[in-house]
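In our numbering, the protein residues as written are 8 to 167.
Below is one structure, written out as structure tokens; comments come after it.
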Ligand code: FES
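Put into structure tokens, the structure is as follows:
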């Protein structure tokens, strides 16, 4: 079935457009809007829809969607977990946190748990260096991570 925004999201789309000098400049926020409306991923149908609405080529929109790691090109799990691996977090033990997550969930970075609940990924600096190591879960930050605090977060996600 072809992708289309709901009436409510069409209003959000119009509001986004009103904040930018031209349609091309609104490509990233419109992709975020459409991704959210499509179970958190940018399918080819979403790419074509955005291209049509913004009067851009599908190749241009696909280029944007594949460049930025926050756009998913495959349907992710219900919850997305990004563990930062950049310098401050690395110095404060992110490698151990990454291994802990993989072991706890029984998957590797980039994978989704078999029940479809959690997609695990690494991230570059999340701008929470002062409270490293950090991870982002959906739209929420978790900082000063320890294996115990990570377990508490993952347990909640798995129970959801
Ligand atoms: S290095 Fe991890 S938040 Fe900046």
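Built from N, CA and C at the ideal position, the CB exists for glycine as well.
- For residue 56 against residue 41, the beta-carbon gap comes to about 6 Å, under 8 Å, which counts as contact.
- Here residue 108 carries a helix assignment [DSSP, helix/strand/coil].
- If you draw a straight line from the Cα of residue 66 to the Cα of residue 47, it comes to about 20 Å.
- In this model, residue 53 and residue 81 are separated by some 12 Å (Cα to Cα).
- Taking 8 Å as the cut-off, the beta carbon of residue 38 is found closer than this to the beta carbon of residue 49.
- Closest by C-alpha distance to residue 84, out of 19, 131 and 126, is 126.
- Per the coordinates, the alpha-carbon of residue 145 lies some 22 Å from the alpha-carbon of residue 13.
- When only Cα atoms are considered, residue 142 and residue 44 end up about 24 Å apart.
- Proximity of the beta carbon of residue 77 to ligand 1 is not indicated: no heavy atom of the ligand is located closer than 7 Å.
- Here the stretch 120 to 138 makes contact with the stretch 88 to 104; the two share three or more CB pairs at distances below 8 Å.
- With 16 or more other CB atoms across the displayed protein chains lying within 10 angstroms of its CB, residue 119 is buried.
- Between residue 33 and residue 61 the beta-carbon gap is near 7 Å, inside 8 Å, which marks them as a contact.
- Of the other Cβ atoms in all chains shown, fewer than 16 fall within 10 Å of the Cβ of residue 25; this residue is therefore exposed.
- Collapsing the DSSP output to three states places residue 17 in a helix.
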